[in-house]
Amino acid sequence: MTTVDEARALRDAEGLRMKIFEPHLNDTDMVVVTTGDTGGYQVWATGERASPWGRTTVYDSESDALDDGLARGRAGRDLEIIRADRHASYVADMTAVSATEPFPGPQGSVVSPVPTGPGLLVEFAVFSSSATDDRGRYTDHVGSLRGRPGEGWQAATPTTTLTTHDTVDEAVAALLDATGN
Numbered sequence: 001m002t003t004v005d006e007a008r009a010l011r012d013a014e015g016l017r018m019k020i021f022e023p024h025l026n027d028t029d030m031v032v033v034t035t036g037d038t039g040g041y042q043v044w045a046t047g048e049r050a051s052p053w054g055r056t057t058v059y060d061s062e063s064d065a066l067d068d069g070l071a072r073g074r075a076g077r078d079l080e081i082i083r084a085d086r087h088a089s090y091v092a093d094m095t096a097v098s099a100t101e102p103f104p105g106p107q108g109s110v111v112s113p114v115p116t117g118p119g120l121l122v123e124f125a126v127f128s129s130s131a132t133d134d135r136g137r138y139t140d141h142v143g144s145l146r147g148r149p150g151e152g153w154q155a156a157t158p159t160t161t162l163t164t165h166d167t168v169d170e171a172v173a174a175l176l177d178a179t180g181n
């Protein structure tokens, strides 16, 4: 049985966006636990305009309402973490796509853009290190990538079939793993 004090302590400790029997006007993207107009306890969320969004659930038990509110608050927090991670990956991929010179990849690798025509898939040659020959060319080629941000990246070594990954860094790491680097 969760109490109001316990729920508020959990909310604060976990950084959840929740109002628990507190004023909630003009609060966006917030889970609200409040008493219902006709009795019981309501749990609902506000959207980007601070108005109720989604379904409202009514409970007879305060503890059940608090538990649902905490579960919704945690889901919202986890979704924001996933969104932030995906945004960071997309920004990193867009930075890679706009590169015109080789750049450092994960685990000490080097990722080198391969020129392609406009509108075509973006391609990269991947090298396990920054070692070069006497002409300045990278020597430790492990494979290639091709794809587009948001659509996935196909990685292939000279001897393996293509595998698809969400980000450039994941695809490079897969190439390095496949070649024992």
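Under this note's numbering, the very last position in the sequence shown is 181; numbers go up by exactly one each time. Positions of the beta carbon are idealized from the N, C-alpha and C atoms, including for glycine.
Only buried fits R11, as 16 or more other CB atoms lie within 10 angstroms of its CB. Inter-residue distance for A45 and M1 is about 22 Å (C-alpha atoms, whole angstroms). The shortest CA-to-CA distance from V32 to any of A13, D67 and T38 is the one to D67. With a 10 Å radius around the Cβ and a threshold of 16 neighbouring Cβ atoms, P23 comes out exposed. Of the residues P106, F124 and Y138, the one whose Cα lies closest to the Cα of D177 is P106. Under DSSP, M18 forms a beta bridge with V31. No Cβ-Cβ contact shorter than 8 Å links V122 with S144. Remark: three or more beta-carbon pairs, one from each stretch, lie closer than 8 Å, so the region 136-150 and the region 164-176 are flagged as touching.
Distances from the alpha-carbon of E80 to those of D29, S130 and A155 put D29 closest. The shortest C-alpha to C-alpha distance from A131 to any of F124, V111 and R55 is the one to V111. Taking Y59 as reference, the option from G73, D78 and T38 with the minimal CA-CA separation is T38. For the 8 Å CB-CB criterion, R74 and L16 form a contact.
Distance from the CA of N181 to the CA of P104, rounded to the nearest whole angstrom, comes to 15 Å. In this structure, the straight-line span from the alpha carbon of P52 to that of P149 is close to 34 Å. Taking C-beta atoms under 8 Å as the contact rule, V43 and F21 fail to qualify, at a distance of about 11 Å. Taking C-alpha positions only, R86 is separated from T34 by approximately 33 Å. Shown here, P52 sits in a strand according to DSSP, grouped into three states. As a beta-bridge residue in DSSP terms, G147 pairs with V122 and W153. Judged by DSSP in its simplified three-state form, P106 adopts helix.
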